[in-house]
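Asker: Structure incoming, see below.
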Amino acid sequence: MAVFIIRRLLQSVVLVLVMSLLVFLGVYAIGNPADILIAPDATEAERAEVIHHFGLDQPLYAQYGKFLANAVQGDLGRSFKFNESALKLIAERIPATLELAFASLFLTIFLGIPLGLYSGFKPNSIPSKLIMGFSAFGFSVPAFWLGLMMVMVFAVFLGWLPASGRGQTVNLFGIPVSFLTWDGVRHMILPAFNLACFKLSLIIRLTRAGTQEVIRSDYVKYAKAKGLRPARIILVHVLKNTLIPIITVLGMEFGRTIAFATVTETIFAWPGMGKLIIDSISILDRPVIVAYLMIIVVMFIFINLIVDVIYSALDPRVRLEERR
Amino acid sequence: MKGKVPSKRQVVALLAAFIAMVGMTGGVWAQSVLKVGNSTEPASLDPQYSTTGATQQASQQIFETIVGRDKNLRMVPSLAISWKEVDPLTWELKLRQGVKFHDGKDFGAADIVYSIKRIPRVPDSPSSYKRNVASIKDVVAVDNYTVHLLLKAPSPQLPLDLSFVYVLPSTTPVDASIDDFNKGKYVIGTGPFKFVEWVRGDRLVLDKNPNYWGKKSSYDRVIFRPITNDPSRVAALLAGDVDIIDQVSPVDQDRLRKDFRVSLLSKPAATMMYIHMDSNRDKSPFVAGKDGKPLDKNPLKDPKVREALSLAINREALVERVLNGAAEPAGQFVPEGMVGYAPDLLPDPYDVEKAKKLLADAGYPNGFSITLHSPNDRYLNDEQVAQTIGQFFARIGLDVKVQALPYSVFGTAATKLEYSIFLMGFGNTTGDAARGMTAVLATFDAAAGLGANNRGRYSNPEFDKLIKAAASTSDDAKREGYLQEAARIAFAKDHAILPLYFQTTTWAVRKGITYEPRMDEYTLANYVTPVK
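So the protein lines, in turn, are chains A and B.
Numbering (the numbering used here) for the first sequence: 11 to 334.
Numbering (the numbering used here) for the second sequence: 198 to 729.
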């Protein structure tokens, strides 16, 4: 297992390097940050000064080389627009995005799996049909539209929940979190639902399909015949065996949620990373874009690693070592 | 009946708790709070860091400039109550007395000296204020309320430049980092509000400055919340999460007009939208014959063709249908009220017959083909406007393709002269026509910083002469005369660019409050007042 993890980490270093190179080339291909950032009526001398200061007059490979040299010392560059460390800008916004992502994961797991299980056991009942209808709706409707609809219904017409923003925060180990205050939770409900919608629908269907398949298997019939309590059959035998595809999907989706919660964050004015990245792309703030994507790559690798480790815990047939 | 009557002790305890709770929140209830929903947020709280409107909008609440500007962008006294040219290279400023900074320190000449000298030293700013103090050689405090500015060369625009210099206390350390500012450490100004807290992306919290010399705020506390998404901002207003929002899009305006909970307030803004044409090159990349083959000469070089294109555009319809009335047709660079506006220059009429005739006279009876480029994420309904213009051109016989792109790509390409004809905008933030006409229409001269936005490379020596004359005279009347004459040459005679419309900016407020709209599009919280 240890060897496995170490090999994974080594592979990730290569991946991160490749990613940084691709982003550098990509941003360069889109346009010149100088044209966007510098005031249009700056004199030629001013332009030259700014370009020189940001190092944009160097050949691309020189800029990349400098970037790598700084990166190994932990400095991923300073934002062109804000003149603050790119890492710091992103780190400031990570807690907000993570909080939202975990809230949506929480909803997905504790709402999606039970609903899916129920639907799998009693596929023809009316609640089950309602659940399936909702899930079809959930992953065919665009998140943007759904978010706005939720705001109109719950915030404007009913006035039950706030329309946007993050609620009151308290510091937990120095990191501001909002789920510990009632005001914070109220602000989180709509965006978390919006973010979870697609995943929820997916998980409900996956769980239902998995459940239906597992119920028919021999070991479940045997357990029933033996007279085990239904709760034990469901929770221990059925659930554990349906979880593998679900964990895979959750892992992938969770990574995607953190990386690209942009739409939800924009609609709900949630001060997270997604908003930062979309703004940075529009103004070609290259240091922030590069730093962000590198962090995302590292995060994805980490999530994949955890998912693989959970596999081996769930299914004894899966071994993570080399197969001879 | 099984009732439980609370004992006397329990009642007293409950009552005490209740009173304590009311007492604690009572302090909060007494404070009146205004919540503003902004479409942008500042890049930094250092007022000398960035000239962009988004950052200045925040700086304007906390700090003040040496010379002020009213809602029509005309200059008014602020921290300087008077300014005059003593000799061509020396200006004298008289300063306002009795002003205090938020930390209690008295304002005086030393702060002006410090603020002007600090600007060139602000590190790493992509849009710095250096240009506004570039003409100043030295600053001398003659006495505590008089300052002399010694110039490198005569500069009639000095007062205008000074209206962009924000004043910081002279006690601010020279090496204060941008990080310090963003945490609020040296955010101490003379303005109507004091800094309380800034959480980037979430809120900027300011408290009323009770000792402010100017128009005091009607609210104890103001919270600015950046909500960049248009529908979300409107929803926040309707839900009561915010009391006032800016930059209401035309689509939302229709809806809000019918809602009794809110009122709309508008004002023409400084942004002028126009069509820019490659009037310089013989071979232009996106102009060709109708058969797709290149033409021997570029039709856009002919003023008759340009006039024809202008006459083909129905500006009234454009404004009414595509922008829902949230604009005014334009015939020149600046709207009425700004310096340099020539009352005889009206927007070109809509005349398809005349346009076709002009095209035929110029030698293109069957038209030609063009690709019209446009940004799609920078100006209000920019892509739709470009599509509409394309259709207008088609009506006089041209074959038109419209290409809309994100500004990050479009801007670079247009500057590299890769386009032939495109939609563009210019923000007349100085309140007069000089800056715009110099940037967009003066002959391109990189060394002198002229024509930086002249992406069609229009060049007329007469025009250049007039612009230069306007820049070197400090006689306001003469200056305006030169600018008007230059406008007549560029627009009525040459049709150098095709002005389309001036955007209007609209705010929406909840019933019970009102705001005085401004041409610079800022939302100044101390001008938001309750309505009886």
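No residue lacks a Cβ here, since even glycine has one placed at the ideal position from N, Cα and C.
Compare the Cα-Cα distances from Y128 of chain A to each of A:E109, A:P297, A:P240, A:P105 and report the closest residue.
Answerer: Among A:E109, A:P297, A:P240, A:P105, the Cα nearest to that of Y128 of chain A belongs to A:P240.
Asker: In this structure, does DSSP put H10 of chain A in helix, strand or coil?
Answerer: Residue 10 of chain A is absent from the model: chain A starts at 11 and stops at 334.
Asker: Around the C-beta of T368 of chain B, are 16 or more other C-beta atoms found within 10 angstroms, so that it is buried, or is it exposed?
Answerer: exposed
Asker: On a Cα-Cα basis, can you pick out the residue from B:E713, B:Q207, B:K729, B:A722 that is closest to L461 of chain B?
Answerer: B:E713
Asker: Please report whether the beta-carbon of T720 of chain B lies at a distance below 8 Å from any beta-carbon of chain A.
Answerer: no
Asker: When you compare each of A:S30, A:V273, A:G130, A:M159 to L70 of chain A by their alpha carbons, which one comes out closest?
Answerer: A:S30
Asker: Give the residues of chain A in contact with L435 of chain B, contact being defined as C-beta atoms less than 7 Å apart.
Answerer: V166
Asker: Go ahead and label N341 of chain B buried or exposed: buried means 16 or more other beta carbons lie within 10 angstroms of its beta carbon, across all protein chains shown.
Answerer: exposed
Asker: Would you mind reading off the limits of the alpha helix (DSSP H) that contains M29 of chain A?
Answerer: 12-40
Asker: Per DSSP, what kind of secondary structure is V519 of chain B in: helix, strand or coil?
Answerer: helix
Asker: Along chain A, in chain order, which residues have C-beta atoms closer than 8 Å to that of G608 of chain B?
Answerer: From the beta-carbon of G608 of chain B, the residues of chain A found nearer than 8 Å are G41, D45, I46.
Asker: Return the residues of the stretch 168-196 of chain A that lie within a Cβ-Cβ distance of less than 7 Å from chain C, sorted by chain order.
Answerer: Among the protein chains of the structure shown, namely A and B, there is no chain C.
Asker: Please confirm if D321 of chain B has its CB atom under 8 Å from at least one CB of chain A.
Answerer: yes
Asker: Which residues, in order along the stretch 554-586 of chain B, keep a beta-carbon less than 8 Å from a beta-carbon of chain A?
Answerer: If the cut-off is 8 Å between Cβ atoms, the stretch 554-586 of chain B has D574 near chain A.
Asker: What runs of the beta strand (DSSP E), each 3 residues or longer, lie entirely inside the stretch 183-256 of chain A?
Answerer: Counting only runs that start and end inside the stretch 183-256 of chain A, the beta strand (DSSP E) elements of at least 3 residues fall at 185-187.
Asker: For the alpha helix (DSSP H) containing A79 of chain A, list its first residue and its last residue.
Answerer: 70-81
Asker: So who's on the other strand from R422 of chain B, going by DSSP bridges?
Answerer: B:G234
Asker: Using a Cβ-Cβ cut-off of less than 9 Å, give me the residues of the stretch 101-120 of chain A that come near chain B, in sequence order.
Answerer: E102, R103, A106
Asker: Contact between the stretch 565-576 of chain B and the stretch 608-628 of chain B is defined here as three or more beta-carbon pairs at a separation below 8 Å; is this criterion met?
Answerer: Counting C-beta pairs with one atom in each stretch, the stretch 565-576 of chain B and the stretch 608-628 of chain B have three or more that are closer than 8 Å, which means they touch.
Asker: Name, please, each residue of chain A whose Cβ falls closer than 7 Å to the Cβ of I441 of chain B.
Answerer: Near I441 of chain B there are no residues of chain A at all, since even the closest Cβ is about 15 Å away, more than 7 Å.
Asker: Would you please verify whether the beta carbon of R315 of chain B is less than 8 Å from any beta carbon of chain A?
Answerer: no
Asker: Answer yes or no: the CB of F390 of chain B versus the heavy atoms of the ligand ZN, is any distance below 7 Å?
Answerer: In the structure on display, the ligand ZN does not appear, and there are no ligands present to speak of.
Asker: If we cut at 8 Å on Cβ distances, does V225 of chain B have a partner in chain A?
Answerer: Bear in mind that the predicted position of V225 of chain B carries a pLDDT of just 46, short of 50, making it unreliable; the figure below should be weighed with that in mind. False, the Cβ-Cβ gap to chain A never drops below 8 Å.
Asker: Tell me which residues of the stretch 71-94 of chain A have at least one Cβ-Cβ distance to chain B shorter than 8 Å, keeping chain order.
Answerer: So the close ones are R88, F90, K91, F92, N93, E94.
Asker: Comparing the C-beta of I333 of chain B with each C-beta of chain A, is any distance below 8 Å?
Answerer: no
Asker: Please go through the same chain and pick out, in chain order, the residues whose beta-carbon is closer than 6 Å to the beta-carbon of V296 of chain B, but skip the five residues on each side of it.
Answerer: Excluding residues within five positions, the ones whose Cβ falls inside 6 Å are F304, T387, W410.
Asker: For L462 of chain B, which beta-bridge partners are listed by DSSP?
Answerer: B:W704
Asker: Which of the three DSSP states, helix, strand or coil, is assigned to E533 of chain B?
Answerer: coil
Asker: Within a Cβ cutoff of 6 Å, which residues of the same chain sit near V337 of chain B, ignoring the five residues on either side of it in sequence?
Answerer: H345
Asker: Taking the beta carbon of L19 of chain A as the centre, do at least 16 other beta carbons fall within 10 Å, making it buried, or is it exposed?
Answerer: exposed
Asker: Any C-beta of chain A sitting closer than 8 Å to the C-beta of K327 of chain B?
Answerer: yes
Asker: Return the bridge partner residues of H473 of chain B from the DSSP annotation.
Answerer: B:F619, B:I694
Asker: Could you work out which residues of chain A lie near D376 of chain B, taking near to mean beta carbons separated by less than 7 Å?
Answerer: E94
Asker: May I have the straight-line CA-CA distance separating V319 of chain A from K250 of chain A, to the nearest angstrom?
Answerer: So the two alpha carbons sit approximately 15 Å from each other.
Asker: Taking its Cβ as the centre, do 16 or more other Cβ atoms sit within 10 Å of P323 of chain B, making it buried, or is it exposed?
Answerer: buried
Asker: Around the Cβ of E261 of chain B, are there at least 16 other Cβ atoms within 10 angstroms (buried) or fewer (exposed)?
Answerer: buried
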